[in-house]
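Enquirer: I have a structure I would like to understand better, so I am pasting it below and will then ask my questions one at a time.
There are 2 protein chains.
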Amino acid sequence: MTATQPATRPGGRSARVREAVFKAAQELAAEQGTEKLTLPCVATRAGVNPTTLYRRWGSMAGLLADIAATRIRHTEVPDTGSLAGDLGAFAEAVLQDLRQPGGIAILSIEVDSDLRARRDGLRRCRELRTSQLEQILDQERRRNGGAEPGLTVERINDRLVAPLYYRVLHDIPGADAAYARGLAAELTD
Amino acid sequence: MTATQPATRPGGRSARVREAVFKAAQELAAEQGTEKLTLPCVATRAGVNPTTLYRRWGSMAGLLADIAATRIRHTEVPDTGSLAGDLGAFAEAVLQDLRQPGGIAILSIEVDSDLRARRDGLRRCRELRTSQLEQILDQERRRNGGAEPGLTVERINDRLVAPLYYRVLHDIPGADAAYARGLAAELTD
């Protein structure tokens with residue numbers, strides 16, 4: 001992945017291109033969805049040469065995956081003072097996230113499809129979320145003088161993340177913030 | 001959907017073509033995965049004209065969806081004498097199913113992609129599974145003289161089906177029969 005992810009100096013040309021491309025992709029996704037979106041479309045809107053996008057992201061799936069991963073990395077890990085509060089905020093963030101371009105939409109890209117990029121994208125997002133969950137559990141350990149919390153990352157994935165994925169993937173109604181918080185509450189009751 | 005799903009008389013020509021195509025697709029999927037599979041490939045193996053496949057299934061995603069739906073329809077709804085037993089058997093069947101061609105693989109078709117067919121396929125499988133769950137809950141009502149079971153289809157989807165989807169989709173190790181039965185046991189404890 002390093003070849004397609006050069007280190008970017010903030011404010012450098014590379015960072016400006018990245019910002020313009022992300023903005024263009026997000027605007028186009030909001031206007032017309034991600035399904036038919038292609039790198040040349042995004043390039044035109046961003047005013048950047050398409051070859052730059054192909055060199056840097058490889059495919060639309062690769063670009064959406066990078067957008068999603070960047071969004072998750074920039075999401076602060078909630079620290080509300082309790083595990084229940086942290087997980088509730090985390091659940092809401094995951095739900096919002098899955099609905100953004102590059103969230104679950106990465107599974108539905110039809111044009112310019114790239115299975116490896118879709119898989120890598122899913123995996124990277126899952127790893128980033130796992131590390132946020134580990135931080136949340138660490139916060140709980142510190143609150144309780146090092147005592148192990150009664151929850152593991154696996155359990156939180158099964159009981160909180162998986163149902164959110166399932167409902168967004170299948171477009172099942174009623175997957176709102178209250179539902180997300182309910183899943184968290186049930187886990188910590 | 002009726003246009004692509006003519007009524008088939010068992011033993012008729014249409015039924016024989018269908019059987020040959022399903023067999024060819026399943027063999028090829030087992031040999032090389034579904035990702036790069038195309039209708040012309042399947043047609044060659046089945047000894048059927050590709051235009052027949054395009055007319056009948058539209059795309060590889062359409063064919064895989066039909067295979068998956070047929071498999072679920074032919075799965076007997078478990079009737080083990082208890083809700084816990086029924087849900088355990090159901091969970092195992094879903095897990096097996098997601099791993100078959102047309103299961104979660106329908107999300108990963110790269111060639112001959114057809115988003116609408118993928119979506120329709122996911123939806124049809126979900127509807128078929130929902131109707132099986134409704135039968136399982138009905139069996140439990142009959143066992144208890146009509147009393148409502150403490151579970152709903154939505155809850156079973158969240159707690160049992162969603163984690164199976166999540167783990168198969170992300171290729172997370174440890175999603176085996178014991179894990180599937182554990183999800184069911186936790187629900188009915």
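Going down the list, the sequences are from chains A and F. Each residue of the first sequence is one higher than the one before, starting from 1 at the first, in UniProt numbering. Each residue of the second sequence is one higher than the one before, starting from 1 at the first, in UniProt numbering. Heads up, the beta-carbon is just placed ideally off N, CA and C, and yes, glycines get one too.
Please identify, using Cβ separations under 9 Å, the residues of the stretch 154–182 of chain A that lie next to chain F, in order along the chain.
Expert: Cβ contacts with chain F: Glu154, Asn157, Asp158, Arg159, Val161, Ala162, Pro163, Leu164, Tyr165, Tyr166, Arg167, Leu169, His170, Asp171, Ile172 and Gly174.
Enquirer: Can the beta-carbon of F/Asp97 be found less than 8 Å from the beta-carbon of F/Arg71?
Expert: Yes.
Enquirer: Less than 8 Å between CB atoms is the rule here; does F/Leu87 satisfy it with respect to chain C?
Expert: The structure shown contains no chain C; its protein chains are A and F.
Enquirer: At the 8 Å Cβ level, is A/Leu151 part of the contact set with chain F, yes or no?
Expert: No, no contact with chain F.
Enquirer: Quick check on F/Gln100: does DSSP put it in helix, strand or coil?
Expert: Coil.
Enquirer: Can you check whether the C-beta of A/Arg56 is within less than 8 Å of a C-beta belonging to chain F?
Expert: Not one chain F Cβ lies under 8 Å of A/Arg56.
Enquirer: Just to make sure I have the definition right: I need the residues of chain A whose C-beta is within less than 7 Å of the C-beta of F/Arg126. Which are they?
Expert: Result: His170.
Enquirer: In chain order, what residues of the same chain have a beta carbon less than 8 Å from the beta carbon of F/Arg159, not counting five sequence neighbours either side?
Expert: Cβ within range, chain order: Leu183, Glu186 and Leu187.
Enquirer: In three-state terms, what does DSSP make of F/Val17?
Expert: Three-state result, F/Val17: helix.
Enquirer: Is there a Cβ from chain F that is less than 8 Å from the Cβ of A/Leu122?
Expert: Yes, A/Leu122 lies at the interface with chain F (some Cβ there is under 8 Å from its Cβ).
Enquirer: Would you check if the distance between the CB atom of A/Thr34 and the CB atom of A/Leu64 is smaller than 8 Å?
Expert: Taking 8 Å as the Cβ cut-off, A/Thr34 and A/Leu64 qualify as a contacting pair.
Enquirer: Of all the options A/Pro78, A/Ser14 and A/Arg118, which has the alpha carbon lying nearest to the alpha carbon of A/Gly58?
Expert: Minimum Cα distance to A/Gly58 is reached at A/Arg118.
Enquirer: Would you check if the distance between the CB atom of F/Tyr166 and the CB atom of A/Tyr179 is smaller than 8 Å?
Expert: No. Outside cutoff.
Enquirer: Alpha carbon to alpha carbon, how far is F/Glu134 from F/Arg123?
Expert: One C-alpha to the other measures close to 16 Å.
Enquirer: Pick out the complete beta strand (DSSP E) segments inside the stretch 121–163 of chain A, 3 residues or longer, and give them in chain order.
Expert: As far as the stretch 121–163 of chain A is concerned, it has no whole beta strand (DSSP E) run of at least 3 residues.
Enquirer: Quick one, which of A/Ala89, A/Gly85 and A/Thr51 has its alpha-carbon nearest A/Pro40's?
Expert: Checking every option, the nearest Cα to that of A/Pro40 belongs to A/Thr51.
Enquirer: Count the other C-beta atoms from every protein chain shown that fall within 10 angstroms of the C-beta of A/Gly150, then say buried if there are 16 or more, exposed otherwise.
Expert: Its Cβ having fewer than 16 others within 10 Å, A/Gly150 is exposed.
Enquirer: At 4 residues or longer, and completely inside the UniProt DNA-binding region "H-T-H motif" (38–57) of chain F: list those alpha helix (DSSP H) runs for me, N to C.
Expert: Whole alpha helix (DSSP H) segments, 4+ residues: 39–46 and 50–57.
Enquirer: Thinking C-alpha only, which one of A/Gln100, A/Arg141 and A/Arg18 is nearest A/Asn49?
Expert: With distances taken between Cα atoms, A/Asn49 lies closest to A/Arg18.
Enquirer: Our contact map puts A/His74 next to F/Arg126 with C-beta atoms below 8 Å; I'd like the distance itself, whole angstroms only.
Expert: Not really, about 33 Å apart at Cβ, beyond 8 Å.
Enquirer: Ordered along the chain, which non-local residues of its own chain (more than five positions away) have a Cβ less than 6 Å from that of A/Leu95?
Expert: Around A/Leu95: Leu164 and Ala180.
Enquirer: Using only CA atoms, which one of A/Glu31, A/Thr80, A/Gly47 and A/Gly12 lies nearest to A/Val21?
Expert: With distances taken between Cα atoms, A/Val21 lies closest to A/Gly47.
Enquirer: Buried or exposed: where does F/Ala30 fall if 16 or more other Cβ atoms within 10 Å of its Cβ makes it buried?
Expert: Per the 10 Å Cβ criterion, exposed.
Enquirer: Can you tell me whether F/Asn144 is buried or exposed? The criterion is at least 16 other CB atoms within 10 Å of its CB, across all chains shown.
Expert: Looking at its Cβ environment, which holds fewer than 16 other Cβ atoms inside 10 Å, F/Asn144 is exposed.
Enquirer: Compare the Cα-Cα distances from F/Phe90 to each of F/Ile156, F/Lys23, F/Ala175 and F/Ile172 and report the closest residue.
Expert: Comparing Cα-Cα distances from F/Phe90 to each of F/Ile156, F/Lys23, F/Ala175 and F/Ile172, the minimum goes to F/Ile156.
Enquirer: Going by beta-carbon coordinates alone, are A/Asp189 and A/Gln139 separated by less than 8 Å?
Expert: Their beta carbons are not under 8 Å apart, which means A/Asp189 does not touch A/Gln139 by this criterion.
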